[in-house]
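Everything below concerns the one structure shown next.
Here you go:
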């Protein structure tokens, strides 16, 4: 039985995993780079192990150092979180070879989804809808140009080994094909170490809809509903909600069934997310994320299931606690990511000391945070500070709660666009119908298209029509109108979320190998 867990990650996801691990009575072990020596996830673990300097390749991406840290700390299992090594088949195999339990899918399943070319060809053969495209092995640029002309325009070029929207190129004109292919090849080689490309028909305004799947080592499979993640910037998600709104019942059922087919096809185990593009009543497989998603929280809110607990129990050899007929969704949940980014500079990352970071509270509000007042946001890693999640019986009420919660979220020391997201989430059901987040046809709304996400401070107004207080001198986003939460306070929610959501701790004993 697993009694000790090392989390090979940092920030809010490490804090979130530790919360469940502590509740289950596991000894928790953090890892940290020199940039994170005083980070919140380090303080929340029972023990913390230094794994190297700030550069990710010398710390959080160094498989050998993480395995050595796990052995030195006496860890029995490793949870990869998301990002870093979470979808690295070599890391999963290295854990197994070292006698450590990898809390996630087997290396073979990760590898099966690691190449979009191989994955899409395999799933097309299994009957899963896939966009028309080219996934062939002949990868010289002249042949790719021929295939691009065969597919027709517009089309999208993707690195076969890529993810997160990185390295993609949209081509709308014939004259752009050769240059776009060459640029995509360079980015694929430099960013992913693999120059292979795939071509797909480009859908100008699809919805990004995904299905949460779960499987155990006994070949039991379930889905836990779906999510809509269509509001993005630079192909990175900003707002997610569950369940995905305004899907036809028949299409939703077929999409969920297809997600189970994908998981079965590759012998999947643990939590995974199958992502689809939904357009004009049809859905198409995009990719599978073989890990826990950032937005798993909205699924937890509508199902009442702790996905990390399920991961740990399945990794320990237990069967899934629920069959498909026993999984029930209740209400609606919406999540907003709060990132250290400057909306005045095209959402460039913002680093520095957090002189003030106030998270919201309220009915059925959940906060998963990796930072608090006084912490330092390093420039080296992902910009996510935390996530604000609102649940309500209806979508309209969930949006209103999230809007109010984001208006209570204040930050000084680094820039955040969270207050602009709050402005973009209307509380009125009438306004809701015209908001891009809530459009039933579901065009993917990019923040750059909407002034409420990108307008300067002087152009924004509150719902009451007042100009927000300009706190730019403090580096603050929003208006200061209520007391700051003390750093030691616990944030709890009421309703289906119903758990302690964040609590500071100072129990870590630093060990330096």
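Numbering (this note's numbering), first residue to last: 1304 to 1816. All C-beta atoms, glycine included, are put in the ideal place defined by N, C-alpha and C.
Determine which residues share a DSSP beta bridge with residue i and list them.
i, result
"residue 1646", "The partner list for residue 1646 (beta bridge, DSSP) is empty, contrary to what the question assumes."
"residue 1474", "1458"
"residue 1706", "Paired residue(s): none; residue 1706 is not in a bridge."
"residue 1513", "1530, 1578"
"residue 1452", "DSSP lists no partner for residue 1452."
"residue 1544", "1531, 1637"
"residue 1438", "Bridge partners of residue 1438: none, in fact."
Using alpha carbons as the reference points, say which of the options lies closest to residue i.
i, options, result
"residue 1697", "1554, 1605, 1719", "1605"
"residue 1542", "1573, 1360, 1597, 1560", "1597"
"residue 1282", "1510, 1517, 1447, 1547", "Since the first residue shown for the chain is 1304 and the last is 1816, residue 1282 is missing from the structure and cannot be characterised."
"residue 1647", "1441, 1720, 1462, 1378", "1720"
"residue 1362", "1536, 1340, 1347, 1348", "1340"
"residue 1457", "1489, 1327, 1356, 1472", "1472"
"residue 1333", "1360, 1358, 1304, 1374", "1374"
"residue 1701", "1580, 1337, 1544, 1645", "1544"
"residue 1404", "1710, 1419, 1319, 1381", "1381"
"residue 1595", "1330, 1365, 1385, 1349", "1385"
"residue 1478", "1449, 1500, 1407, 1494", "1449"
"residue 1662", "1678, 1708, 1650, 1695", "1708"
"residue 1464", "1486, 1421, 1562", "1421"
"residue 1642", "1703, 1409, 1689, 1328", "1689"
"residue 1304", "1670, 1692, 1616", "1616"
"residue 1350", "1309, 1368, 1328", "1309"
Would you mind sorting residue i into buried or exposed? The rule is 16 or more other CB atoms within 10 Å of its CB.
i, result
"residue 1750", "Bear in mind that the predicted position of residue 1750 carries a pLDDT of just 48, short of 50, making it unreliable; the figure below should be weighed with that in mind. Buried, since its Cβ has 16 or more Cβ neighbours within 10 Å."
"residue 1476", "exposed"
"residue 1629", "exposed"
"residue 1440", "exposed"
"residue 1558", "buried"
"residue 1438", "buried"
"residue 1470", "buried"
"residue 1352", "buried"
"residue 1319", "buried"
"residue 1537", "exposed"
"residue 1737", "The predicted model places residue 1737 with a pLDDT of 41, which falls under 50 and marks its position as unreliable, so this point remains unresolved."
"residue 1540", "buried"
"residue 1556", "exposed"
"residue 1705", "buried"
"residue 1445", "exposed"
"residue 1314", "buried"
TODO: Let me know the alpha helix (DSSP H) ranges lying completely inside the segment 1335-1366, each 4 residues or longer, listed in chain order.
DONE: 1343-1346
Task: Inside the segment 1360-1406 only - alpha helix (DSSP H) runs reaching at least 4 residues - done: 1366-1376, 1392-1400
Open item on the list: Tell me whether the segment 1424-1444 and the segment 1570-1590 touch, counting them as touching only if at least three CB pairs, one residue from each stretch, are closer than 8 Å.
Closed with: yes
Task: Any beta strand (DSSP E) of 3 or more consecutive residues that is wholly inside the segment 1571-1649 - done: Segments of the beta strand (DSSP E) lying fully in the segment 1571-1649: 1573-1582, 1585-1592, 1635-1642.
Open item on the list: Using 8 Å as the cut-off, can you tell me whether the segment 1654-1661 makes contact with the segment 1708-1718, which would need three or more C-beta pairs spanning the two stretches below that distance?
Closed with: yes
Open item on the list: Suppose only complete runs of 3+ residues qualify. What are the beta strand (DSSP E) ranges in the segment 1650-1680, listed by chain order?
Closed with: 1659-1661, 1668-1672
- [ ] Taking 8 Å as the threshold, find out whether the segment 1570-1585 comes into contact with the segment 1504-1522 through three or more Cβ pairs.
- [x] yes
Task: Cβ contact (3+ pairs, closer than 8 Å) linking the segment 1631-1651 and the segment 1322-1329 - done: no
Open item on the list: Whether or not the segment 1565-1573 and the segment 1412-1424 are in contact is what I'm after, with contact meaning three or more pairs of Cβ atoms, one per stretch, closer than 8 Å; do they touch?
Closed with: yes
TODO: Please confirm if the segment 1674-1689 is in contact with the segment 1501-1509, defined as three or more CB-CB distances below 8 Å between the two stretches.
DONE: no
Open item on the list: Check whether the segment 1516-1534 and the segment 1611-1630 touch, using three or more Cβ-Cβ pairs below 8 Å as the test.
Closed with: A contact exists between the segment 1516-1534 and the segment 1611-1630.
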